[in-house]
Each structure stands twice: as C-alpha cells, then as structure tokens.
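There are 2 protein chains.
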Amino acid sequence: MKATLKDVALRAGVSRSAVSRTFTDGASVSAKMRQKVERAARELGYHPNALASSLTTGRTKLIGLISNNFHNPIFLQVFDLFTRGLQERGLRPLLVNLTDETDPEKSVRMVRQYSVDGVIVASSTLSPDFAKAFKEAGIPVVHSFGRHTTSPKVHVVGIDNVECGRMAARELIACGYTDVAFLGGPESATSTQDRYTGFTTEIARHSGIKLRYSFAKAYSFDAGRDEMSRLLTGENTMAQAYFCGDDVLTIGALSALQRAGKKVPDDVGLIGLNDMELARWENIDLSTIHQPISQIVSSSIELVVSMLEEPDRYPEARLFPCRVVRRGTLPRV
Amino acid sequence: MKATLKDVALRAGVSRSAVSRTFTDGASVSAKMRQKVERAARELGYHPNALASSLTTGRTKLIGLISNNFHNPIFLQVFDLFTRGLQERGLRPLLVNLTDETDPEKSVRMVRQYSVDGVIVASSTLSPDFAKAFKEAGIPVVHSFGRHTTSPKVHVVGIDNVECGRMAARELIACGYTDVAFLGGPESATSTQDRYTGFTTEIARHSGIKLRYSFAKAYSFDAGRDEMSRLLTGENTMAQAYFCGDDVLTIGALSALQRAGKKVPDDVGLIGLNDMELARWENIDLSTIHQPISQIVSSSIELVVSMLEEPDRYPEARLFPCRVVRRGTLPRV
DNA sequence: GCCATATTTGCAACCGGTTGCAAAATTGAA
DNA sequence: TTCAATTTTGCAACCGGTTGCAAATATGGC
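First to last, the sequence lines map onto chains Z and B. Using numbering that gives the first Met the number 0, the letters of the first sequence correspond one by one to residues 0 to 332. Using numbering that gives the first Met the number 0, the letters of the second sequence correspond one by one to residues 0 to 332.
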C-alpha cells in the first residue's frame, strides 16, 4: 500500500511531526533531520496526501472551474489558460459543467462537498445568480466573462460589453453603412443585453441610420445560421451589415448568407466578437472585436488567489479594453 | 463557520456516528433518528465534507482528467462529454493540462497528491508512457484516444487508426485518384504513425498509385497551412489528393490551397479525420472520417468506473468503428 | 566550562469524518 | 408477560496529516 507519514517516521526513527515538518516549507527542521527523513521517504516512495493535510490547514488548493460554455471553441483556449495558470501556482482545477443546470444552489452543493478554496465562474451566458450563490455560501468567487455593473456583488473580470456594442456601431458607420442590424446571442444572456444596449445607443447618436435587431437562440453556429436563414426568407428586406453576438454566430450567419448566394462583404457586411483563433483562418477571415482572453484569465486567477489570503476583499470589476480587427467580412475602406 | 458533523450531533442530541450514518446510504438508522438528524442538519446548513470522509473510506470520487489537447476544437466536445458523464455518476473531474509536459513521473506526482480514484488520459498525442506511469503508480487508468496494441498494458479506448488510414486510402482510390499523399500530424504521435501505416499499406495493395507523404509539426491549423504551403512552393509537383492527419490540419491545408489559387476539390482533393463540428459547417464542408467521440467517451467512463470496483481488471482495448463522411472537399462520384 | 538564549524535537490534541464492536432498545413468538 | 433474536445506537479507535506547547538540544558570549 501507499506509504504514510507514520511509515516514514518509523523508518527514519523520528516523530511524525518531524516528518510533517520536512514536507511543509517554512517549518523548522535541522539539516540532519531533513536528510534522515528525506532518505526514508525516498526509500518508501512516500508522497504527502494533500487532502489529508487540507483537513487541518483548511486549504485544499482546489479551485472550482465552473462553466457552461462547451460549444464555443474559444473556451478551449480559456480552459487551457486557466488550467495552466492554476497549475503554475500549485492549484488544481475541479471542472464543473453546468450545461442545462438552472439551480445555483445545486451547483454550490456540488462544489462545496469538495471544500474548494475558491471558484471561478467562466461564462458569459450563465446567470450572475450562480456567482452570487457561491459568494453567499462563503466561497471566494470570481466571475470571468461576467457582466460589469457599477456596484458588483462579486468580483467580475471581463470586458465592457456595452462599449463593445458601441465599437461595433462606430465601425459599421465608418464603413458607410446606413442600414445596420444587431444579430444577438440568446436574449437572456447579460452579454447580449449589454452589447445590444451599446450598439443601439451609439447608432441612435448618429442620425439617419436605420437599425434592426433580432436574437439567435444560442451562441452557436447552428443558431447563427438559423437566425440568418430566417431573416433571409422573411418578407422583410436585409440590412446592409450585421453585428453578430459572437464569432461562431457570425460564422453561422456567414454560412447562411453564402448558401443564399449573397456575397460577403459585397452584398452584406459582418462583424463578430471574440476574435477566436478560427476567425483569422483565411477561409473564414472574420472581422471582429478582439477580446483579450489571456489577460482576462490571468487577472481572474490573480484575483481568486488574492482572495485566498483576503476572503472579504471588496468586490471589484476588472475590465479590459477590446479592439476592432478588420478582416474579410467588412469592406476595405 | 461551516457546520460539522459534531455540531449536528450536538444539536440533535445524538452521537456523531448517528449523524454519519444518516448521510451514508445503506447504513442502519431508524426513521425517527433520521428525522431528528436531518432536521438539525437543515437548521445548521450542514453538508458532509467529501474530502474528510475520503480519508477513512479511501474513495475521493475524484477522477484525474489528463490531456494536452487544448488546441483542437474537438476536445472541447470531449471535455463536455467527460465532465457530464462523470458528474452524472457522482464523480468529479480534476483537470490536468499536460501541454509541454514531458515527464510522466511528474504528472503522476501532481495527481497522486490528490489521491484520485482513477485517471483518464484523453489524448492521441501524449506518449503511452504517461498512461503506463499511472498504472505503475497503482492508479486505475484508461487511455482514451490512445493507441491500440495487440497486448495493451493499460486499458485503451479509441479507434483503429490503422484501419482509418486504410479507409482513407480506399476512399481516395474510389474517387479515381492515382497520385495521392499523406499529410500527417506530428510524426511522434502514435496516431500519426498508425494512420500512415494503414494508408500506405492499403495504397500498396493497389498497383499504379503514386504515394507521397510528409508530416506537419502539430495537429493544428497553422501546422497544416505551413506544411501545405511548403508543398506548394517546393519544386516537386502536387499530389491529386491528400489524406490529412486530422480536421484542423485539413482546414489549414485547405486555407493554403485556396490562397495559392487552387480549387478544392477540382484541383486537389482533401480528406480529414475526426468529423468535428466545424467540418460540417457549410463554409468549411470537409470530407472526413467520422470518429465516434461520444461512444469513446462513455465507454472510457464505464471502464474507469468498473476499475474502481475491480482495480486489477485485465487490460483491454475497446475500438469503435469509424466511417467516411463525404462532403465538399472530394469530388462527387 | 558555565549559563542564558535560540533552535529543534516530540507529545498530544485536533481536523471532519467512518466503522467494528458491544451495549441498549426494539420486535415478536410463545 | 417473558425471553431470544434482531435492529439501532454510542463508544472509541482510526484515516493521514498539522500544530501549540514544553522539553531537549544546540549555540554563543564570557
């Protein structure tokens, strides 16, 4: 069986505390003792049990990584960055998939059992209630890609979706379009609402621009294609350009347009949001708004780590600026 | 602070064992007792600490989910399926990112600390040594998307990559091509080697077919594009059709071809492998070999679960059949 | 070499649970 | 009602560690 602290102590002929101390840094152990213990540990193939020690220290070094975005390729990158960042700090991500989950309490229960030190909710579509539920359960929480509010209840790291909406509007106006539309993600997502707000208010500031909008069922290729198909078959005419909820949605819309024989950007202009890896693939070549994923992730990690020291840290919102990336789905100016 | 077993026992006026028993199913507790305890627990907001109980039971219900594929969109689907499948069985995935990790021992250490009940290595590019290292450390392990060998050391669930290579060859031959090529993933990956073997042996069975091959640096868009660009600029002529290591690689190659003004499938045919979601997007529309991801995942989960009961289960290889999906990158017959 | 001070070590209690065993309570047949 | 068989309950030891405290040892100044 696996060697335990006691086995090592016995073999080294020292007390259990001595063994424990050699494996916790900052503890006082003489060089001679350390040598004896390490020798015995090596011989027995001993490795300390992190879970057992968590009982007394109250620290598990487990971080709940909570998401429901398992269909948007950008989240693979998000998971990559999170797992690596956490690992580098000696933390381990416990992945929780909240697809189809609607009850925040239930998700808290799932995570609390494992007494994680903290939780990162990584989702732009999950209700803020989830993050709030963790906070109320006394678990340090950071909501990545969440909504920024002026008085946040929990830490939020992400982008200013309202501003992104404005940027998209300005970009389309700069292209000379006078008849534009918002093709949003699911209406219930805060990110959709905010992008809508920003887009429409900015358009309203310019006179003589026609504005329409509609919403897709999800942030997914199929939803984008379906919604654009619907727009194409309706009796209503098409806008000149669309600001789509995100990149996959945009690609879906693009697909529907191409199928309908429309040329992009000659007949219709498109701009997305995220700048996922795919977006720069030449056979996709999407104009989009770049979201600084890696800054958001590393800032989220920093924040959750700082909360381990200081659990009642005053909630803050950290927003990172985005920028427009001009590619093939908008006309060259 | 969080309520513990003792608090509940005190409040309910019963022994700690009684409380413990009400929360472990199969234990003998009278209805009256259960009621008393549950009431007290509810009032205190008590939830058992899974990690503490794992100390005595020896079960953590933690499963290490180990991968290094964080750039292939298909793995987002893989993670989705794994996390949901594990959650449904009351297990929690501990995600480990082995990108850039070369030392199996180190990864074992990372996971062992948390005394996971089992490990799933989900990768087609990770050396079999990793899975083996876990086995040797006495941790139940399943290698998903791993190489099938006739005498496997560890459980392997996946596809027969050699057979896939043959299928691709037969498909290209059926299209009437007489000059074909293998554009593989990284040469060190077992999946690449096996696909190569299958492809070349099948081609060899047909006379008069010219065969070439080369390898990309990774299973990624960039690698595919770079390798295809290299082939296009070289003084050597092009093959009529390419079997590419996987779908992202194929899309990269497609991108390079389009940039060079080649028409697909008129000038060059392409077939990939995986049938990722992207592949059926109309603006990509990839011919490919479908890999039954969801069967592979659920079978892997079943296997790892069964090993929890029976750790020394005799290693087996579970292979699932693939099928060709004909789309736009090959000519219609 | 002596003594005050600083460092290292071991004891024992504790973290939040589980479990074998025996005592207590319940059941039911006579 | 009595007593044997069965079920429920509590005691106490244990899982694999950590840590405050006091005893033991080492260090250094004179």
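Ideal Cβ placement from N, Cα and C applies to all residues, glycine included.
Got a sec, what are the start and stop residues for the alpha helix (DSSP H) residue i sits in?
i             : result
residue 149/Z : Where residue 149/Z is concerned, there is no enclosing alpha helix (DSSP H), given that its DSSP letter is neither H nor E.
residue 77/B  : 73-87
residue 189/Z : 189-204
residue 223/Z : 220-232
residue 96/Z  : Element bounds for residue 96/Z: not the alpha helix (DSSP H) but the beta strand (DSSP E), 91-96.
residue 10/Z  : 4-11
residue 64/Z  : No alpha helix (DSSP H) holds residue 64/Z; the beta strand (DSSP E) holding it covers 61-66.
residue 258/Z : 246-258
residue 50/B  : 49-56
Quick check on the burial criterion: 16 or more other C-beta atoms within 10 angstroms. Buried or exposed for residue i?
i             : result
residue 35/B  : buried
residue 235/Z : exposed
residue 254/B : buried
residue 184/B : buried
residue 241/B : buried
residue 24/Z  : exposed
residue 320/Z : exposed
residue 123/B : buried
residue 233/Z : exposed
residue 103/B : buried
residue 201/Z : buried
residue 26/B  : exposed
residue 79/B  : buried
residue 310/Z : exposed
residue 31/B  : exposed
residue 290/Z : buried
Taking C-beta to C-beta, are residue i and residue j nearer than 7 Å?
i             : j             : result
residue 245/Z : residue 218/Z : yes
residue 50/B  : residue 50/Z  : yes
residue 142/B : residue 132/B : no
residue 303/Z : residue 119/Z : yes
residue 115/B : residue 299/B : no
residue 94/Z  : residue 92/B  : yes
residue 194/Z : residue 163/Z : yes
residue 220/B : residue 198/B : no
residue 296/Z : residue 170/Z : no
residue 268/B : residue 249/B : no
residue 239/B : residue 284/B : no
residue 275/Z : residue 252/Z : no
residue 121/Z : residue 187/Z : no
residue 45/Z  : residue 13/Z  : no
residue 147/B : residue 318/B : yes
residue 15/B  : residue 5/B   : yes
residue 196/Z : residue 161/Z : yes
Please list, in chain order, the chain Z residues whose beta carbon lies closer than 8 Å to that of residue i.
i             : result
residue 24/B  : Per Cβ cutoff of 8 Å: no residues; residue 24/B is ~15 Å from chain Z at best.
residue 228/B : Residues of chain Z passing the Cβ test: none, with the nearest at roughly 11 Å.
Identify the contact partners of residue i in chain B, using a Cβ-Cβ distance below 8 Å as the criterion.
i             : result
residue 282/Z : 250, 253, 254, 257, 282, 283
Mind pulling the chain Z residues with CB within less than 9 Å of residue i?
i             : result
residue 333/B : Outside the shown range of chain B (0 to 332) lies residue 333/B, about which nothing can therefore be said.
Starting from residue i, follow the beta strand (DSSP E) in both directions and report where the run begins and ends.
i             : result
residue 25/B  : Per DSSP, residue 25/B belongs to no beta strand (DSSP E) and is neither H nor E.
residue 121/B : 117-121
residue 322/B : 322-324
residue 210/Z : 209-214
residue 283/Z : Careful: residue 283/Z lies outside any beta strand (DSSP E) and carries neither H nor E.
residue 268/B : 268-270
residue 288/B : 287-289
residue 161/B : Note, residue 161/B: premise wrong, no beta strand (DSSP E); alpha helix (DSSP H) at 160-173.
residue 183/B : 178-183
residue 143/Z : 140-143
residue 132/Z : First-last for residue 132/Z: 127-135, but that is the alpha helix (DSSP H), not the beta strand (DSSP E).
Listing by chain order, which chain Z residues have their CB less than 7 Å from the CB of residue i?
i             : result
residue 114/B : 48, 50
residue 72/B  : 72, 75
Near-chain B residues of the segment 82-98 of chain Z (beta-carbon distance less than 8 Å), N- to C-terminal order: 82, 83, 86, 91, 92, 93, 94, 95, 96, 98
Quick one: which residues of the segment 46-60 of chain Z get their C-beta closer than 8 Å to a C-beta of chain B? List them in chain order. 46, 47, 48, 49, 50, 51, 53, 54, 59
To be precise: take each residue of the segment 99-111 of chain B, compare its Cβ to all Cβ atoms of chain Z, and keep it if any distance is under 7 Å. Which residues remain? 108, 111
Below 8 Å between beta carbons is the criterion; list the residues of the segment 209-223 of chain B that meet it against any residue of chain Z, in chain order. 220
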